[in-house]
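Residue numbers for the sequence shown follow the working numbering, so the first one is -10 and each next one is one higher.
Note that beta-carbon positions come from the ideal geometry of N, C-alpha and C, so glycine has one too.
All values derive from a computational prediction rather than experimental measurement.
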Amino acid sequence: MLPRRGGQRWVAEPEGRIDRIERILEGLVQVVHDVHNNHDNALEQLAMPMPRADVVGCTTIKQFQQLKPSTFYETPDPMAAESWLLGIERVFEVLSCIEE
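Shown next, in the form of structure tokens:
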């Protein structure tokens, strides 16, 4: 630390400041450790073969269209909407679609 202006000598660091610096350094070490672990996990995920979304999606859409699902027309009747929704859910079950 540089001496203060006015000719006064610098005084030893207070203990509280050193403690804060130690906590900051410990936090930085933890951050570096977490980044390293996340990087390793990302590399493992990249190494796993993933199905091509464009091929899978197109196939599913074609299959969906081949089943000729009914079209929903706006209606104030909640029973008609419920019936249409159940029909679409049956189509999804046939295609083995997941909930999401």
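For Thr64, the secondary structure class from DSSP, reduced to helix, strand or coil, is coil. Residue nearest to Ile87 within the set Thr49, Asp66 and Asn26 is Thr49 (criterion: CA-CA distance).
Ile13 sits in a helix when the DSSP states are folded into three classes. Nearest to Phe61 by alpha-carbon distance, out of Phe53, Val24 and Gly76, is Gly76. When DSSP states are grouped into helix, strand and coil, Leu56 belongs to the coil group. For a cut-off of 8 Å, the C-beta gap from Phe53 to Leu84 is around 6 Å, short enough to register as a contact.
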